[in-house]
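Residue 106 in the UniProt record's numbering is what sits at position 106 of the sequence shown, and the numbering runs on without skipping anything.
Since the structure comes first, as structure tokens, the remarks are kept for the end.
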Amino acid sequence: MTGVDEEPPQSSSPRMSHHPSSSSRTSPLPSSSPRTSHHRRRIHGSAPPRHRSSSPNPRPRKRRKEAAADPPAKVAGFTDGKAPSTSRTNLKHFEESARKLIQAAMHEYEGRIWTLDAYPSTEVQAVWVQEIWDGLNAEVQERTALTERIARMIKSYASHARSSLKDSIRPLIGPTYRFNAGETQKDMDKNVVLRGKLLKHSAFHYKDPGTLSIYAGHKIILASLRAAFFKKKGSRGVLYSKYFSPISLVTLALVFTVVEFCIDEYTTGRFMQAIFDEVAHKERYESHLLALTEWSELMPPVTTALRQQLHDRCRTLAGAAPVKAPQHLTDENRARALAELQAMQVDLGLEEERQEKEQEQEQEEEDGVRGDDTPVTPELELNDGNDA
């Protein structure tokens, strides 16, 4: 097949004379000549209904342009030209371009630990790493492959996220809650009593720990957020405002957990620096998150607004410009826009109907030019001769 429609075969019989013979006049069927058939259609003014062949030649269609496949991602290069022999891989082992990409992925992964889930499951960790890596690759000209080595490096940054928060908050505890730095027995006894009052019913995060009034209103919360995430314009809370605006319940629960841990370092009355146990403090974190969730659900619009104000305050103190709130349609503008869309819907429907009619007309014209090998329904002929 050439893909071009073939002309129907011409009759091998001689052409009919101007005065047909009696045998032709009495024949019940008209000539199958295309010329005669077309002549009858012009006389009657419209073509009789035709039945298409059961296997017509298909109409050629335009091929869609296939999207060009992305070039394969390159493998991150090492500074020495080969992978390190040690079991632990550091950023310094990679070439500069790969090092910057991995570091950016670590920082964003850390941001998710602080705001979305402090202790994500293995499945969630894998999803996060892939999402972050794909997002960063979309911003560069040449993609880099995500290897198992790189994925492990990013995931391992979760522990760093939690411990770094402890290092930021610890210096605030003594001055904020007025723990005594003295070494006398009297000083230590006061510290033991203060520690007990602050930890009982988690009083440390209330604005007034003595009366347990204003939940999550203590100044240690704002101070901790600033020290950990909003020190300056280039801090993580400013750079990753998509995660920190508003301050999430996860972030508050993590801050509560670390503050509680630091207060507990005064157990003996004398400050004793302790190791942040990941497993033990996961239980504390989950307990605080549950309580915060219950508090938030008491009146979601109000608690969300309070958390947004907390973020905005931190951002302003960091010297960063405020995040512009998304603009919403007024009731009047919404009604006007709806009417416009409804009118467009009608216009689109009429346009589709017009296009369908044009396509049908084009199809009929092409069929008429190409011809059809299906017999036409018989009808009476008009003869020019004298039929006696």
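Yeah, the Cβ is synthetic: ideal placement off N, Cα and C, and Gly gets one too.
Please report the Cβ distance between residue 238 and residue 315, rounded to the nearest whole angstrom; I am assuming they are in contact, meaning their Cβ atoms lie under 8 angstroms.
Here residue 238 corresponds to residue number 238 of the sequence shown, with the count starting at 1. Here residue 315 corresponds to residue number 315 of the sequence shown, with the count starting at 1. Going by Cβ atoms, the distance from residue 238 to residue 315 rounds to 6 angstroms, so yes, they are a contact pair.
Other residues of its chain near residue 21: CB distance less than 7 angstroms, five sequence neighbours each side excluded
Numbered from its first residue, the sequence shown carries residue 21 at position 21. Confidence is the limiting factor: at residue 21 the pLDDT is only 42, short of 50, which leaves the residue's position unreliable, though a coordinate-based value still follows. So no residue of the chain qualifies.
If we count Cβ pairs, one from each stretch, closer than 8 angstroms, do we get three or more for the stretch 203-216 versus the stretch 225-244?
Flag = no, the stretch 203-216 and the stretch 225-244 do not touch.
Measuring alpha carbon to alpha carbon, tell me which of 185, 179, 183 and 184 ends up nearest residue 197.
Within the sequence shown, residue 197 is the residue found at index 197, counting from 1. Looking at the Cα atoms, 179 is the closest of the given residues.
Could you name the residues of the same chain whose beta carbon sits closer than 6 angstroms to that of residue 253, not counting the 5 residues immediately before and after it, in chain order?
For the purposes of this step, residue 253 is taken as the residue at position 253 of the sequence shown. Closer than 6 angstroms at Cβ, skipping near neighbours: 285, 288, 289 and 292.
Just to confirm the assignment, what range does the alpha helix (DSSP H) spanning residue 204 have?
Residue numbering aside, residue 204 sits at position 204 when the sequence shown is read from its first letter. Residue 204 -> no alpha helix (DSSP H), and no H or E assigned at all.
Residue 42 by DSSP, collapsed to three states: which one?
Residue numbering aside, residue 42 sits at position 42 when the sequence shown is read from its first letter. Residue placement at residue 42 is poorly supported in this model, since its pLDDT is 43, which falls under 50; the coordinates still yield a value, given next. Annotated three-state conformation of residue 42 is helix, per DSSP.
I need the straight-line Cα distance from residue 319 to residue 344, nearest angstrom please.
The sequence position of residue 319 within the sequence shown is 319, counting from 1. The sequence position of residue 344 within the sequence shown is 344, counting from 1. Cα to Cα, the separation comes out at about 46 angstroms.
Quick check: what's the CA-CA separation for residue 145 versus residue 235?
Locating residue 145 in the sequence shown gives position 145, where the first residue counts as 1. Locating residue 235 in the sequence shown gives position 235, where the first residue counts as 1. The alpha-carbon atoms of residue 145 and residue 235 are separated by roughly 28 angstroms.
Would you mind sorting residue 260 into buried or exposed? The rule is 16 or more other CB atoms within 10 Å of its CB.
Mapped onto the sequence shown, residue 260 falls at position 260. Residue 260 comes out buried.
Cβ shell of residue 352 (< 8 angstroms), same chain only, five flanking positions each side left out
For the purposes of this step, residue 352 is taken as residue 352 along the sequence shown, with counting starting at 1. Setting aside the 5 residues that flank it on each side, residue 352 has no residue in the same chain whose C-beta is closer than 8 angstroms to its C-beta.
Residue 205 and residue 256 - do their beta-carbons sit closer together than 7 angstroms?
Sequence index remark: in the sequence shown, residue 256 carries index 256 (1-based). Sequence index remark: in the sequence shown, residue 205 carries index 205 (1-based). A contact, by the Cβ cut-off of 7 angstroms.
Note down the Cα distance separating residue 49 from residue 355, rounded to an integer number of angstroms.
As a working mapping, residue 49 is identified with position 49 in the sequence shown. As a working mapping, residue 355 is identified with position 355 in the sequence shown. Below a pLDDT of 50, predicted positions are generally treated as unreliable, and residue 49, at 48, falls in that range; the measurement from the model is reported next regardless. Roughly 24 angstroms separates the two Cα atoms.
Length of the line joining the Cα atoms of residue 119 and residue 270:
On the sequence shown, residue 119 is found 119 positions in, with the first residue counted as 1. On the sequence shown, residue 270 is found 270 positions in, with the first residue counted as 1. Linking residue 119 to residue 270 through their CA atoms gives a straight-line distance of about 31 angstroms.
Quick one: what's residue 213 bridged to in DSSP?
Stepping through the sequence shown from its first residue, residue 213 is reached at position 213. Residue 213 pairs with 208.
So what does DSSP say about residue 293, is it helix, strand or coil?
Numbered from 1 along the sequence shown, position 293 holds the residue referred to as residue 293. The three-state reading of DSSP puts residue 293 in helix, counting H, G and I together.
Apart from the five residues just before and just after residue 191, which ones in its own chain have a Cβ nearer than 6 angstroms to its Cβ?
Stepping through the sequence shown from its first residue, residue 191 is reached at position 191. Excluding residues within five positions, the ones whose Cβ falls inside 6 angstroms are 179, 180, 266 and 269.
Quick one: grab the DSSP three-state call for residue 304.
Locating residue 304 in the sequence shown gives position 304, counting from the first residue. Helix, per DSSP.
Pair within 7 angstroms by beta-carbon distance, residue 306 and residue 223:
Position 306 of the sequence shown, counting from 1, holds the residue named residue 306. Position 223 of the sequence shown, counting from 1, holds the residue named residue 223. Going by C-beta atoms, residue 306 is not nearer than 7 angstroms to residue 223.
Suppose the cutoff is 8 angstroms on Cβ atoms and the five residues either side in sequence are ignored; what does the same chain contact list for residue 189 look like?
Translated into the one-based positions of the sequence shown, residue 189 becomes position 189. Taking C-beta separations shorter than 8 angstroms and ignoring five residues to either side along the sequence, the partners of residue 189 in its chain run 269, following chain order.
I'd like the list of long-range same chain contacts for residue 129, defined as Cβ closer than 8 angstroms, with 5 residues on each side in sequence excluded.
Taking the first residue of the sequence shown as position 1, residue 129 is located at position 129. Cβ neighbours of residue 129 beyond the five flanking positions: 105, 109, 146, 151, 154 and 155.
Distance, residue 97 Cα to residue 166 Cα
One-based indexing of the sequence shown puts residue 166 at position 166. One-based indexing of the sequence shown puts residue 97 at position 97. Counting only the Cα atoms, residue 97 lies some 31 angstroms from residue 166.
On the criterion of 16 or more Cβ atoms from any shown chain inside 10 Å, does residue 121 qualify as buried, or is it exposed?
By one-based count along the sequence shown, residue 121 stands at place 121. Burial call: exposed.
Reference residue 294; option with closest CA among 114, 250 and 131
Stepping through the sequence shown from its first residue, residue 294 is reached at position 294. Looking at 114, 250 and 131, the one whose alpha-carbon comes closest to that of residue 294 is 250.
Look at residue 263 and residue 195 and say whether their C-beta atoms are less than 7 angstroms apart.
As a working note, residue 263 is residue 263 in the sequence shown. As a working note, residue 195 is residue 195 in the sequence shown. Contact flag set, yes.
Start and end residues, alpha helix (DSSP H) containing residue 251
For this step, residue 251 is matched to residue 251 along the sequence shown. For residue 251, the uninterrupted alpha helix (DSSP H) segment begins and ends at 249-263.
For residue 258, does the count of other Cβ atoms within 10 angstroms reach 16, so buried, or fall short, so exposed?
What you label residue 258 is simply residue 258 of the sequence shown in a count that begins at 1. Buried, since its Cβ has 16 or more Cβ neighbours within 10 Å.
Residue 152 by DSSP, collapsed to three states: which one?
Your numbering for residue 152 matches position 152 in the sequence shown. Look at residue 152 here: in three-state DSSP terms it is helix.
Straight-line Cα distance separating residue 116 from residue 202
On the sequence shown, position 202 is the one that residue 202 refers to. On the sequence shown, position 116 is the one that residue 116 refers to. Distance between the alpha carbons of residue 202 and residue 116 is about 23 angstroms.
To the nearest angstrom, how far is it from the Cα of residue 229 to the Cα of residue 247?
Translated into the one-based positions of the sequence shown, residue 229 becomes position 229. Translated into the one-based positions of the sequence shown, residue 247 becomes position 247. Computed Cα separation, rounded: 11 angstroms.
By alpha-carbon positions, which one of 339, 187, 225 and 335 ends up nearest to residue 308?
Start at 1 with the first residue of the sequence shown, and residue 308 comes out as number 308. Out of 339, 187, 225 and 335, 225 has the C-alpha closest to the C-alpha of residue 308.
Between the alpha carbons of residue 54 and residue 365, how many angstroms are there, rounded?
Sequence index remark: in the sequence shown, residue 54 carries index 54 (1-based). Sequence index remark: in the sequence shown, residue 365 carries index 365 (1-based). Interpretation of residue 54 is limited by its pLDDT of 47, a score under 50 that renders its predicted location unreliable; no figure is taken from the coordinates.
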